[in-house]
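Colleague: Numbering (our numbering), first residue to last: 14 to 236.
We put the beta carbon where it would ideally sit given N, CA and C, even for glycine.
Bear in mind that the values here come from a model prediction, so they are computed numbers and not experimental data.
1. Residue 219 by DSSP, collapsed to three states: which one?
2. Would you call residue 105 buried or exposed, if buried means 16 or more other Cβ atoms sit within 10 Å of its Cβ?
3. How would you write the range of the beta strand (DSSP E) that residue 75 sits in, first residue to last?
4. Would residue 174 and residue 118 be called neighbours here (beta carbons separated by less than 9 Å)?
5. Tell me whether the beta-carbon of residue 180 lies closer than 9 Å to the beta-carbon of residue 226.
6. Ignoring anything shorter than 4 residues, give me the alpha helix (DSSP H) runs that lie fully in the region 41-115, in order along the chain.
7. Helix, strand or coil: which one does DSSP assign to residue 228?
8. In whole angstroms, what separates the C-alpha of residue 21 from that of residue 211?
9. I'd like to confirm the pairing. Which residues does DSSP put opposite residue 123 in its beta bridges?
10. By the 10 Å Cβ neighbour count, where 16 or more other Cβ atoms means buried, how is residue 177 classified, buried or exposed?
11. Between which two residues does the alpha helix (DSSP H) carrying residue 201 extend?
12. Reducing DSSP to helix, strand and coil, say where residue 156 ends up.
13. Cβ of residue 135 within 9 Å of Cβ of residue 166?
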């Protein structure tokens with residue numbers, strides 16, 4: 014899954030903050046960047062970079078959120094719990110594949126464990142890296158679709174008993190998203206829009222890539 018958000022400079026923000034952001038941008042050697050500060054309801058945004066601006070102004074481009082999308086998954090879980098559709102203590106394997114034989118530790122993993130990085134799952138599935146290396150600088154997750162994430166979870170061997178240790182895990186939060194989709198019978202993209210993006214008025218945030226030229230292009234360190 015790729016989460017993107019459009020940054021629009023629709024208010025001037027604080028002049029003092031704008032100057033600080035401009036100074037910070039000049040100190041960063043990057044082809045493209047967006048800096049923002051939100052304070053007391055006032056948002057100040059500054060765009061810049063050493064690369065060519067391109068046909069779409071930086072302030073209107075869409076930028077990949079990466080791991081900043083995890084709070085969206087957490088908020089989605091909280092909303093579904095508040096609606097009584099799932100519980101934090103629900104076991105993920107029971108929602109994803111009822112009756113499917115899994116490792117005892119996997120059976121104990123709850124939605125809360127997945128969200129709080131206490132599931133015992135590794136950062137990424139063991140078989141993730143071979144397919145990701147060839148596309149590491151472009152789209153490393155592109156070759157690891159939802160069904161593969163679910164299969165990896167159901168055959169996993171957690172490193173420790175769920176709830177006993179903290180270990181940051183992209184794998185766990187990805188499993189959580191797919192579990193919520195399975196529990197509600199709603200595709201992830203639709204569920205996220207209905208429960209999070211639309212209620213918050215985030216009409217510039219989407220899961221799929223945008224129109225040609227609207228999405229910022231990633232750069233390696235050498236440009």
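Modeller: The structure says:
1. Here residue 219 is taken as the residue at index 206 of the chain shown, counted from 1. Reduced to three states, the DSSP call for residue 219 is strand.
2. Here residue 105 refers to the residue found at position 92 when the chain shown is read from its first residue. Looking at its Cβ environment, which holds 16 or more other Cβ atoms inside 10 Å, residue 105 is buried.
3. For the purposes of this step, residue 75 is identified with residue 62 of the chain shown, where counting begins at 1. It spans 75-77 - the beta strand (DSSP E) in which residue 75 sits, taken as one unbroken run.
4. Position 161 of the chain shown holds residue 174. Position 105 of the chain shown holds residue 118. Result yes, Cβ atoms of residue 174 and residue 118 sit closer than 9 Å.
5. Position 167 of the chain shown, counted from the first residue, corresponds to residue 180. Position 213 of the chain shown, counted from the first residue, corresponds to residue 226. No, they are not a contact pair.
6. 83-95 and 105-109
7. In the chain shown, the residue the question calls residue 228 occupies position 215. DSSP places residue 228 in strand when its eight states are reduced to three.
8. Residue mapping note: residue 21 aligns to position 8 of the chain shown, counting from 1. Residue mapping note: residue 211 aligns to position 198 of the chain shown, counting from 1. Confidence is the limiting factor: at residue 21 the pLDDT is only 46, short of 50, which leaves the residue's position unreliable and the question unanswerable from this model.
9. The residue given as residue 123 occupies position 110 in the chain shown. DSSP output for residue 123 lists 104 as bridge partner(s).
10. Translated into the one-based positions of the chain shown, residue 177 becomes position 164. Burial call: exposed.
11. On the chain shown, residue 201 is found 188 positions in, with the first residue counted as 1. Here the alpha helix (DSSP H) through residue 201 covers 201-205.
12. In the chain shown, counting from the first residue as 1, residue 156 sits at position 143. DSSP places residue 156 in coil when its eight states are reduced to three.
13. As a position in the chain shown, residue 135 is number 122, starting the count at 1. As a position in the chain shown, residue 166 is number 153, starting the count at 1. No, these two residues do not count as a Cβ contact at 9 Å.
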